[in-house]
Structures are given as structure tokens and as C-alpha cells.
Amino acid sequence: MSDAPRTLAVLRAAMDQAEREAGRAPGAVTLVAVSKTHDSDAIRPFLQAGLRVFGENRVQEAKTKWPALKQDFPQTELHLIGPLQTNKVRDAVALFDVIETIDRPKLARVVADEIQRLGHGPRCLVQVNIGREAQKAGIDPDQTAALVDLCRREYGLTISGLMCIPPAEGDPVPHFRRLAELAKGLGLVEISMGMSGDFPAAIACGATHIRVGSALFGQRDHH
Ligand SMILES: *Cc1c(COP(=O)(O)O)cnc(C)c1O
Numbered sequence: 000m001s002d003a004p005r006t007l008a009v010l011r012a013a014m015d016q017a018e019r020e021a022g023r024a025p026g027a028v029t030l031v032a033v034s035k036t037h038d039s040d041a042i043r044p045f046l047q048a049g050l051r052v053f054g055e056n057r058v059q060e061a062k063t064k065w066p067a068l069k070q071d072f073p074q075t076e077l078h079l080i081g082p083l084q085t086n087k088v089r090d091a092v093a094l095f096d097v098i099e100t101i102d103r104p105k106l107a108r109v110v111a112d113e114i115q116r117l118g119h120g121p122r123c124l125v126q127v128n129i130g131r132e133a134q135k136a137g138i139d140p141d142q143t144a145a146l147v148d149l150c151r152r153e154y155g156l157t158i159s160g161l162m163c164i165p166p167a168e169g170d171p172v173p174h175f176r177r178l179a180e181l182a183k184g185l186g187l188v189e190i191s192m193g194m195s196g197d198f199p200a201a202i203a204c205g206a207t208h209i210r211v212g213s214a215l216f217g218q219r220d221h222h
């Protein structure tokens with residue numbers, strides 16, 4: 000027997016508690032299970048336990064695992080949560096149901112063109128570099144409104160929300176609050192923030208999606 004049902008129940012209970020304490024509706028927050036670096040044999044028990052929303056950070060890696068898994072579990076919603084290069088857009092649009100990492104005009108335009116070519120495609124979120132870290136992906140908070148507007152007006156690309164990864168050090172709460180305010184100001188309903196170490200705080204600040212890896216699958220090998 001796999002531990003997946005038990006691990007999942009523990010995490011769900013913590014999510015329920017965070018929702019209750021924040022006065023959020025039960026089930027207001029969607030769990031995105033981050034399965035990066037874990038193989039199909041590790042992922043399958045979580046699908047069998049009922050999870051249907053997963054996140055991967057590399058297009059190439061996702062391509063080796065998810066076409067077969069999606070065939071067996073057709074209702075699965077797959078999120079791209081890692082940086083996307085324009086030369087991988089075709090594969091990403093074909094495989095993913097949500098792309099959370101739109102962070103520059105050129106990428107937005109290439110994704111929009113590919114979705115138009117196919118006639119359908121993923122929902123898209125804009126990744127915001129909420130802590131303004133030099134090494135981190137994402138658009139500057141002050142340029143977020145302009146990028147969302149450009150997507151809407153020029154590219155015909157619907158943006159449904161915002162995503163962020165706050166700085167590893169320090170209190171994430173001010174960053175979570177800022178992302179939620181940005182989203183509200185732009186009329187965007189999806190807010191993807193919070194990971195294994197800080198999801199209760201993210202839920203308190205209004206996250207609609209939390210992205211949890213190690214609390215479900217265990218520690219990853221560091222590459
Ligand atoms: C790996 C990853 C996560 C999950 O992190 P954990 O600390 O393992 O929960 C969430 N978001 C992004 C963008 C990631 O790359």
C-alpha cells in the first residue's frame with residue numbers, strides 16, 4: 000500500500016484548517032501537486048488517491064511522463080510552473096492545461112500565436128517577480144499591469160491570474176499580500192502562491208492555488 004492517501008489527507012486537513020482560520024469558503028483553494036523530479040511510479044498513487052491537478056517545471060521532463068498518465072487519468076489538469084523558452088512553446092501549449100509562467104511580452108505573443116493556430120490552449124497566468132530578485136524569473140510588479148494589458152489588447156491572450164515565488168529568506172506575507180492586491184486591481188481571479196513551507200500563510204492572504212511538492216512526494220534530490 001502506498002502512503003499517498005494518508006499523506007494527502009494530512010495535507011488536505013492543513014488546507015481545510017487554513018481556509019477556516021482565514022474565513023475562506025471550504026474548498027476555495029486548489030492544490031497543485033508539484034511532481035517535478037518524481038517518476039510516474041511515484042505520481043500514480045496520488046492520481047489513484049484522487050488528485051487531479053499537478054505541476055511540473057520542465058517541459059521536456061513533463062513530456063516523458065504526462066502523456067501516458069493523462070491517458071489513464073483523462074481529467075488531469077497539468078500546470079507549467081517553471082520558466083518557458085519560446086522554442087518550447089509548441090510542446091508546452093500541446094501538453095499543459097495551465098501555463099503559470101508568462102513573464103515577458105515576447106513569450107506572451109508566441110504563446111498567443113500558438114493557441115490561435117491550434118484553436119485551443121491552456122489558461123495563462125503571469126509570473127510576477129514579487130521580491131524583485133535579480134536571479135528570479137517573473138515580471139517586475141510595477142510592469143505587471145502593462146503586460147496583462149498588452150496580452151489582452153494586442154495579443155488576444157486571456158490572462159486568468161498571477162503567480163509568484165517570494166524570496167526564500169524572510170517573511171513571505173508582505174509578498175503574498177502584494178500579489179493578491181495586484182491581482183484584485185487587475186480583476187484577475189486566480190492567485191497561485193504558497194509552497195510546502197508557507198501555504199497556510201498564502202491561503203490566509205488569498206491564494207486560490209497552492210503549489211506543494213515536498214510535503215506530498217518527500218524531499219527531492221538536489222541537482
Ligand atoms: C518546486 C516548486 C514548488 C514546490 O515546492 P515545495 O517546497 O517542494 O513544496 C512550487 N512552486 C514552484 C514554482 C516550484 O518550482
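By numbering that gives the first Met the number 0, the letter at position 153 of the sequence shown is numbered 152, and the numbering carries on one by one without gaps. Glycine included, every Cβ here is placed at the ideal spot set by N, Cα and C. These numbers were taken from a predicted model, which means no experiment stands behind them.
- In this structure the segment 148 to 161 does not lie against the segment 195 to 205, because fewer than three pairs of beta carbons, one per stretch, are closer than 8 Å.
- Per DSSP, reduced to three states, the secondary structure at Ser195 is coil, with no helix or strand assignment.
- The residue among Gln115, Cys150, Ala203 with its C-alpha nearest the C-alpha of Glu20 is Ala203.
- Taken atom to atom, the span from the alpha-carbon of Phe45 to that of Ala3 is near 6 Å.
- Between Ile42 and Leu68, the gap from beta carbon to beta carbon is short of 8 Å.
- Going by DSSP, Ala17 is part of the alpha helix (DSSP H) stretching over 3 to 20.
- For ligand 1, the residues with a Cβ under 5 Å from any of its heavy atoms are, in chain order, Val33, Asn56, Ile80, Met194, Ser195, Arg210, Val211, Gly212, Ser213.
- Between Leu79 and Ala91, the gap from beta carbon to beta carbon is short of 8 Å.
- Cβ atoms of Pro104 and Leu149 come within 8 Å of each other, at about 6 Å.
- Rounded to the nearest whole angstrom, the C-alpha separation of Phe72 and Ala48 is 12 Å.
- Along the segment 120 to 154, the beta strand (DSSP E) occurs as fully enclosed runs of 3 or more residues at 122 to 127, listed in sequence order.
- Counting other Cβ atoms within 10 Å of its Cβ, Pro25 stays below 16 and is therefore classed as exposed.
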